[in-house]
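Enquirer: Attaching a single structure in structure tokens format; questions to follow.
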Amino acid sequence: LQLQESGPGLVKPSETLSLTCTVSGGSISNKNYYWAWIRQSPGKGLEWIGAIFYGGNSYYKPSLESRVTISIDTSRNEFYLNLKSVTAADTAVYYCATVLIPSHTLDYWGQGALVTVSS
Amino acid sequence: DIQMTQSPSSVSASVGDRVTITCRASQGISTWLAWYQQKPGKAPKLLINSASSVQSGVPSRFSGSGSGTEFTLTISSLQPEDFATYFCQQTNTFPLTFGGGTKVEIK
Numbered sequence: 004l005q006l007q008e009s010g011p012g013l014v015k016p017s018e019t020l021s022l023t024c025t026v027s028g029g030s031i032s033n034k035n036y037y038w039a040w041i042r043q044s045p046g047k048g049l050e051w052i053g054a055i056f057y058g059g060n061s062y063y064k065p066s067l068e069s070r071v072t073i074s075i076d077t078s079r080n081e082f083y084l085n086l087k088s089v090t091a092a093d094t095a096v097y098y099c100a101t102v103l104i105p106s107h108t109l110d111y112w113g114q115g116a117l118v119t120v121s122s
Numbered sequence: 023d024i025q026m027t028q029s030p031s032s033v034s035a036s037v038g039d040r041v042t043i044t045c046r047a048s049q050g051i052s053t054w055l056a057w058y059q060q061k062p063g064k065a066p067k068l069l070i071n072s073a074s075s076v077q078s079g080v081p082s083r084f085s086g087s088g089s090g091t092e093f094t095l096t097i098s099s100l101q102p103e104d105f106a107t108y109f110c111q112q113t114n115t116f117p118l119t120f121g122g123g124t125k126v127e128i129k
């Protein structure tokens, strides 16, 4: 499996951050995985944002839940992250990754996409 | 959320040294724990799952142990390619959470 993030590298404060993860080498309808977004602020640790199953069930970090939407398009083999009302604190490298079921390990990762929130 | 606390936050070591990193969970998670290695500018790489099961292709100098709330990652004889940052992650329940990381630096 290969995952690749894409989207704008610069987002203005109060706007919506939108990223796409394109999956290749396998089907996003694979029942063995959730599809997840994780971020890492510069020089900081890892933060799980949320995940989605191919059927559409999604799970979010509670502190981000009011601003986050993760969606999936099985016909395009892609899943998406929308994070609204961003601030400078949302500046980070955003990774998409697979969450293996049932171990919940993050087995495959994209290379990461740096998103900077700045006017 | 389950809080994960790693220590130390950094360690300086020499090639050939034995290095041990500790991870504590805020509540019992049985052996639902994974360890990752991250090198600068790269995505994390899964090393160990289920607290002690080493992934295929990972050198045997890496080992993990523990259950409940306390876990360790041990590198038995540090090699040059092992200088990196290591993270633990609880795999017990959503939201998945990570330790703050341990940077292994050259002494």
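Those sequence lines, one after another, are chains A and B. Remember, my numbering sits 3 above the position in the first sequence when you count from 1. Remember, my numbering sits 22 above the position in the second sequence when you count from 1. Idealized CB from N, CA, C, for every residue including glycine. Fair warning: this is a prediction, and the values are worked out from it, not measured in the lab.
1) What are the residues of the segment 100-114 of chain A that lie near chain B, defined by any Cβ-Cβ distance shorter than 8 Å?
2) Give me the subset of the segment 38-66 of chain B whose CB atoms are less than 9 Å from a CB atom of chain A, sorted by chain position.
3) Using a cut-off of 9 Å between C-beta atoms, extract the partners of T124 of chain B located in chain A.
4) Can you give the beta carbon distance from S72 of chain B to S9 of chain A, rounded, assuming they're within the 8 Å contact cut?
5) Using beta-carbon positions only, say whether A95 of chain A and G113 of chain A come within less than 8 Å of one another.
6) For W57 of chain B versus G79 of chain B, is the C-beta distance shorter than 8 Å?
7) Put E68 of chain A into one of helix, strand or coil per three-state DSSP.
8) For A73 of chain B, which of helix, strand or coil comes out of DSSP?
9) Give the residues of chain A in contact with F120 of chain B, contact being defined as C-beta atoms less than 8 Å apart.
10) Closest Cβ-Cβ distance between K87 of chain A and chain B: below 8 Å?
11) According to DSSP, simplified to helix, strand and coil, what is D23 of chain B?
12) Could you tell me which residues DSSP puts in a beta bridge with R79 of chain A?
13) In terms of alpha-carbon separation, which member of A:T77, A:L13, A:T23 lies closest to S32 of chain A?
Expert: On the basis of the data shown:
1) Residues of the segment 100-114 of chain A with a Cβ closer than 8 Å to any Cβ of chain B, in chain order: A100, V102, S106, H107, T108, L109, D110, W112, G113, Q114.
2) With the criterion set as a beta carbon lying under 9 Å from some beta carbon of chain A, the members of the segment 38-66 of chain B are W54, A56, Y58, Q60, G63, K64, A65, P66, in sequence order.
3) The residue you call residue 124 of chain B lines up with position 102 of the second sequence. Within 9 Å Cβ-Cβ: nothing; T124 of chain B doesn't reach chain A, min ~10 Å.
4) The residue labelled residue 72 of chain B in the question sits at position 50 within the second sequence. The residue labelled residue 9 of chain A in the question sits at position 6 within the first sequence. At roughly 33 Å, the Cβ-Cβ gap does not stay under 8 Å, so S72 of chain B and S9 of chain A are not in contact.
5) Numbered from its first residue, the first sequence carries residue 95 of chain A at position 92. Numbered from its first residue, the first sequence carries residue 113 of chain A at position 110. In this structure, G113 of chain A does not lie closer than 8 Å to A95 of chain A by Cβ.
6) Position 35 of the second sequence, counting from 1, holds the residue named residue 57 of chain B. Position 57 of the second sequence, counting from 1, holds the residue named residue 79 of chain B. Contact: no.
7) Sequence index remark: in the first sequence, residue 68 of chain A carries index 65 (1-based). The DSSP-derived three-state label of E68 of chain A is coil.
8) Here residue 73 of chain B refers to the residue found at position 51 of the second sequence. A73 of chain B: coil per DSSP, three-state reduction.
9) In the second sequence, counting from the first residue as 1, residue 120 of chain B sits at position 98. Listed along the chain, the chain A residues whose CB falls inside 8 Å of the CB of F120 of chain B are G48, L49, E50, W51.
10) Stepping through the first sequence from its first residue, residue 87 of chain A is reached at position 84. No, K87 of chain A does not count as interfacial toward chain B.
11) In the second sequence, residue 23 of chain B corresponds to position 1, counting from 1. DSSP places D23 of chain B in coil when its eight states are reduced to three.
12) Here residue 79 of chain A is taken as the residue at index 76 of the first sequence, counted from 1. Paired residues: none, contrary to the question.
13) Your numbering for residue 32 of chain A matches position 29 in the first sequence. When the alpha-carbon of S32 of chain A is set against those of A:T77, A:L13, A:T23, the nearest one is in A:T77.
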